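>
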Amino acid sequence: MAGQSIFETGRRLKHVKENDLAHGEFGKWLEKVGLDKYQASRFIKVANEQSKLHSSANLGLKALYQIATIPVEHREEKQQTSSGEMKTPYEMTNKEREEFKRQLKQRDEENAQLQSQMEQAQRSEEIARKQYKYGLNNYIFTIKF
Numbered sequence: 001m002a003g004q005s006i007f008e009t010g011r012r013l014k015h016v017k018e019n020d021l022a023h024g025e026f027g028k029w030l031e032k033v034g035l036d037k038y039q040a041s042r043f044i045k046v047a048n049e050q051s052k053l054h055s056s057a058n059l060g061l062k063a064l065y066q067i068a069t070i071p072v073e074h075r076e077e078k079q080q081t082s083s084g085e086m087k088t089p090y091e092m093t094n095k096e097r098e099e100f101k102r103q104l105k106q107r108d109e110e111n112a113q114l115q116s117q118m119e120q121a122q123r124s125e126e127i128a129r130k131q132y133k134y135g136l137n138n139y140i141f142t143i144k145f
């Protein structure tokens with residue numbers, strides 16, 4: 001199954017989930033029709049992201065799901081793969097996309113850690129300023145009396 005049929009399957013699954021079944025019945029319905037919940041959620045995710053994805057008739061569900069879970073701002077950028085080639089996520093293999101997503105996650109974690117360290121340094125600086133000001137005020141106070 002590829003391209004448009006994946007999008008259509010996702011749209012239909014989403015419609016059934018949101019409009020045709022009572023709350024909590026979707027899982028039972030999926031079992032009845034022989035579809036895994038995990039797989040169904042991937043179809044729905046891809047369908048939800050369709051407007052932000054290329055028309056990719058030659059890509060399968062796994063590839064489209066991987067791309068759908070890459071932040072929009074990185075989907076069109078060429079990235080250097082482990083083989084040294086420059087490719088967009090649409091041109092990458094599944095393995096290359098997985099590696100790219102790992103790199104993005106690692107970079108985001110490093111950025112979050114740096115942000116946290118910067119905020120901690122700013123708090124420490126503010127505390128030091130207050131302590132200095134308090135100490136200076138105490139010194140001036142003792143000189144006056």
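Counting from 1, position 109 in the sequence shown corresponds to residue 109 in full-length UniProt numbering; the numbering is continuous, with no gaps.
Where a beta carbon is used, it is the ideal one built from N, C-alpha and C, also for glycine.
Please read these numbers as outputs of a predicted model, since none were measured by experiment.
Starting from methionine 9, trace the alpha helix (DSSP H) both ways and give me its first and last residue.
According to the sequence as given, residue 9 is threonine; it is not methionine. First-last of the alpha helix (DSSP H) with threonine 9: 4 to 15.
> How far does the alpha helix (DSSP H) with tyrosine 38 in it reach, from first residue to last?
Unbroken alpha helix (DSSP H) run through tyrosine 38: 37 to 48.
> Please state whether the Cβ-Cβ distance between threonine 93 and glutamate 76 is less than 7 Å.
No, these two residues do not count as a Cβ contact at 7 Å.
> How far does the alpha helix (DSSP H) with alanine 68 in it extend, from its first residue to its last?
Taken as a continuous stretch (DSSP letters only), the alpha helix (DSSP H) holding alanine 68 covers 61 to 68.
> Of all the options Ser124, Lys17, Ser5, which has the alpha carbon lying nearest to the alpha carbon of asparagine 58?
Nearest option by C-alpha distance: Ser5.
> For leucine 114, count neighbouring Cβ atoms within 10 angstroms of its own Cβ and tell me buried if that reaches 16, exposed if not.
Its Cβ having fewer than 16 others within 10 Å, leucine 114 is exposed.
> What residue from Gln50, His15, Gln79 has the CA that sits closest to arginine 102's CA?
The candidate whose alpha carbon is nearest that of arginine 102 is Gln79.
> Using the beta-carbon count (16 or more within 10 Å), is phenylalanine 119 buried or exposed?
It is glutamate, not phenylalanine, that sits at residue 119 in the sequence shown. It is exposed - the Cβ of glutamate 119 has fewer than 16 other Cβ atoms within 10 Å.
> Quick check on the burial criterion: 16 or more other C-beta atoms within 10 angstroms. Buried or exposed for arginine 107?
Answer is exposed; the Cβ neighbour count stays below 16.
> Which residue or residues does DSSP assign as beta-bridge partners of methionine 86?
DSSP lists Gln80 as partners of methionine 86.
> When burial is assigned at 16 or more other CB atoms within 10 Å of the CB, is valine 72 buried or exposed?
Exposed, since its Cβ has fewer than 16 Cβ neighbours within 10 Å.
> Considering just the uninterrupted stretch of the alpha helix (DSSP H) at valine 33, what are its terminal residues?
Start and end: 26 to 33.
> Please state the DSSP three-state secondary structure of arginine 75.
Arginine 75 falls in the coil class under three-state DSSP.
> So is alanine 47 buried or exposed if we call it buried at 16+ other beta carbons inside 10 Å?
Buried.
> For a quick check, are the C-beta atoms of isoleucine 44 and leucine 13 less than 7 Å apart?
Result yes, Cβ atoms of isoleucine 44 and leucine 13 sit closer than 7 Å.
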